[in-house]
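A.B. asks: The structure follows.
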């Protein structure tokens, strides 16, 4: 196409020089674009995809399906499941009956050990209900670092990673300790008290928590 255009322009000497220069510039620009790699129109911020979806935190371990934390779920456990279902999915050898106190009431609970790492900290399962209508799983307290979100956040993670990837609405006291609460997904991230500012208020803004503060527990609630 370019050869035909140059042949045609040779018949018009007054304008040929200018137009041939334009053709030459276009050819040069095209060859440079083909040779190089143009920058993408959008470069997502660290920790997100182009659609804004959270990605795995660099260096964080990826959990298997038995240790994956998601809203209302921790591995095979699901908030709201009946005690009967709970006993069907967790082997009896991993459960120890116990109780907890709530508003003056003594309610049943279980301590659940991990099948893969029996020496890991037990997961605490709080039930609610009564003996007449039965009990359901109300809360899950996780202290085992094997449990992680899809982004790789769990016990031992820096608070800054949770703040970047998860919706944290407030930081306040919870039944499990001083924690950053995400009301949207009903999770709370218990923060190491030794890494908090001294004499901190009862409620804090998540921006006031040091990014390096360590998560010591995860609370799933309903």
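Numbering (mature numbering (1 follows the signal peptide of the UniProt record, and there is no 0)), first residue to last: -33 to -1, 1 to 189.
Using N, Cα and C, we set each Cβ at its ideal position, and we do this for glycine too.
1. Quick one: complete alpha helix (DSSP H) runs, 4+ long, within the segment 33 to 99?
2. In chain order, what residues of the same chain have a beta carbon less than 6 Å from the beta carbon of residue 139, not counting five sequence neighbours either side?
3. I'd like the list of long-range same chain contacts for residue 34, defined as Cβ closer than 6 Å, with 5 residues on each side in sequence excluded.
4. Who are residue 106's beta bridge partners in DSSP?
5. Should the segment 73 to 82 be regarded as contacting the segment 142 to 153, the criterion being three or more beta carbon pairs within less than 8 Å?
6. Beta carbon of residue 103, beta carbon of residue 184: below 8 Å?
7. Is the CB-CB distance between residue 107 and residue 147 below 8 Å?
8. Can you confirm whether the segment 82 to 100 touches the segment 45 to 63 when touching is taken to mean that 3 or more C-beta pairs between the two stretches lie within less than 8 Å?
9. Going straight from the alpha carbon of residue 123 to that of residue 53, what length do you get?
10. Output the boundary residues of the beta strand (DSSP E) element that contains residue 139.
C.D. replies: Quick look at the numbers:
1. 50 to 56
2. Position 172 of the chain shown, counted from the start, is the residue given in the question as residue 139. The answer, listed in chain order, is 170.
3. The residue given as residue 34 occupies position 67 in the chain shown. If we look at residue 34 and ignore the five residues flanking it on each side, its Cβ neighbours are 42, 113 and 114.
4. For the purposes of this step, residue 106 is identified with residue 139 of the chain shown, where counting begins at 1. For residue 106, which the question treats as bridged, DSSP gives the partners 93 and 188.
5. no
6. Walking along the chain shown from the start, residue 103 turns up at place 136. Walking along the chain shown from the start, residue 184 turns up at place 217. No, the Cβ-Cβ distance between residue 103 and residue 184 is not below 8 Å.
7. As a position in the chain shown, residue 107 is number 140, starting the count at 1. As a position in the chain shown, residue 147 is number 180, starting the count at 1. Taking 8 Å as the Cβ cut-off, residue 107 and residue 147 do not qualify as a contacting pair.
8. yes
9. Here residue 123 refers to the residue found at position 156 of the chain shown. Here residue 53 refers to the residue found at position 86 of the chain shown. Residue 123 and residue 53: Cα-Cα distance of roughly 27 Å.
10. Mapped onto the chain shown, residue 139 falls at position 172. Start and end: 137 to 141.
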